[in-house]
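Beneath this line is the structure, given in structure tokens, with notes to follow.
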Amino acid sequence: MQNAVERELEVKLVLSPERSVPVPARLSYFTDDPYAVHVMFHIGSESPVHWTFARELLVEGVFRPCGHGDVRIWPTKVEDRGVICVALTSPDGNALLEVPSAAVAAWVERTLRVVPPGTESTLLGLDAALAELLTPLPADDLWLGDPWSQSPDETQDGEA
0 MQNAVERELE VKLVLSPERS VPVPARLSYF TDDPYAVHVM FHIGSESPVH WTFARELLVE
60 GVFRPCGHGD VRIWPTKVED RGVICVALTS PDGNALLEVP SAAVAAWVER TLRVVPPGTE
120 STLLGLDAAL AELLTPLPAD DLWLGDPWSQ SPDETQDGEA
């Protein structure tokens with residue numbers, strides 16, 4: 000059974016230090032993908048822009064700068080309001096977004112209540128799947144045994 004934690008919000012796409020534009024966005028977290036958060040930005044194109052990255056990155060980014068490479072997150076203040084800056088890098092370009100920190104922090108907290116940190120792997124069923132894959136089948140005995148060994152009651156060629 001999949002549970003979802005979603006939140007619609009407006010983020011600001013920073014175009015320059017003096018100018019930004021509002022962009023509707025949706026934060027999504029799904030229990031069947033417990034390590035990831037999904038963000039869809041509705042930028043007026045035919046389909047939204049979709050980013051997926053580690054939930055842990057967003058959890059940490061609420062409190063301190065983190066990330067490197069394609070996704071970097073850090074908290075700051077802009078005009079006396081708390082925001083979380085999200086810098087995204089792709090082959091198509093770069094984007095700097097300002098997200099209201101109170102809204103993100105509340106949403107992240109909801110995801111942590113649904114799936115507490117450290118319990119994500121239990122939702123994936125990896126242990127059961129691995130155990131099933133590693134459980135020997137009766138036919139495996141033929142392959143796992145030594146084909147050259149003989150049982151003690153067998154005679155070897157040339158022996159009478």
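Note that the sequence shown covers residues 0 to 159 in numbering that gives the first Met the number 0.
The C-beta atom is built at its ideal place from N, Cα and C for all residues, glycine as well.
This structure is a prediction, so every number in the text was calculated from the model and none was measured.
Quiz item: For PRO116, which option in ALA86, VAL58, ILE83, PHE52 has the closest C-alpha, if you only look at C-alpha atoms?
Solution: Stepping through the sequence shown from its first residue, residue 116 is reached at position 117. Closest by alpha carbon: VAL58.
Exercise. Measure the Cβ-Cβ separation of VAL98 and ILE83 and say whether it is below 8 Å.
Key: Against the sequence shown, residue 98 aligns to sequence position 99. Against the sequence shown, residue 83 aligns to sequence position 84. Note that the C-beta distance between VAL98 and ILE83 is below 8 Å.
Quiz item: Hey, would you say PRO23 sits closer than 8 Å to LYS11, going by beta carbons?
Solution: Position 24 of the sequence shown, counted from the start, is the residue given in the question as residue 23. Position 12 of the sequence shown, counted from the start, is the residue given in the question as residue 11. Between PRO23 and LYS11, the CB-CB gap reaches or exceeds 8 Å.
Quiz item: Name the DSSP bridge partner or partners of ILE72?
Solution: As a working note, residue 72 is residue 73 in the sequence shown. According to DSSP, ILE72 bridges with CYS65, VAL85.
Quiz item: Would PRO33 pass as a contact of VAL107 if the rule is Cβ separation under 8 Å?
Solution: Looking up residue 33 in the sequence shown gives position 34. Looking up residue 107 in the sequence shown gives position 108. Their beta carbons are not under 8 Å apart, which means PRO33 does not touch VAL107 by this criterion.
Quiz item: Below 8 Å between beta carbons: does that hold for ARG160 and VAL38?
Solution: What is shown of the chain runs 0 to 159, which leaves residue 160 out entirely.
Quiz item: Leaving out five residues before and five after PHE40 in sequence, what residues of the same chain have Cβ atoms less than 7 Å from its Cβ?
Solution: Looking up residue 40 in the sequence shown gives position 41. Closer than 7 Å at the Cβ level, and outside the excluded window around PHE40, lie VAL22, ALA24, PRO47, VAL48.
Self-check item: Whole-number beta carbon distance between ALA102 and LEU8, since they are thought to touch under 8 Å
Solution: As a first step, residue 8 is located in the sequence shown; it is residue number 9 there, counting from the start. As a first step, residue 102 is located in the sequence shown; it is residue number 103 there, counting from the start. About 5 Å separates the beta carbon of LEU8 from that of ALA102, a gap short enough to meet the 8 Å contact definition.
Quiz item: In three-state terms, what does DSSP make of GLU59?
Solution: Along the sequence shown, one-based indexing puts residue 59 at 60. Of the three classes helix, strand and coil, the one that applies to GLU59 here is helix, per DSSP.
Quiz item: Among LEU132, GLU119, PRO16, ALA130, which one has its Cα closest to the Cα of ARG54?
Solution: The residue you call residue 54 lines up with position 55 of the sequence shown. If we check each option's Cα against that of ARG54, GLU119 comes out closest.
Quiz item: Taking the alpha-carbon positions, what's the ASN2 to LEU87 distance?
Solution: In the sequence shown, counting from the first residue as 1, residue 2 sits at position 3. In the sequence shown, counting from the first residue as 1, residue 87 sits at position 88. Cα to Cα, the separation comes out at about 27 Å.
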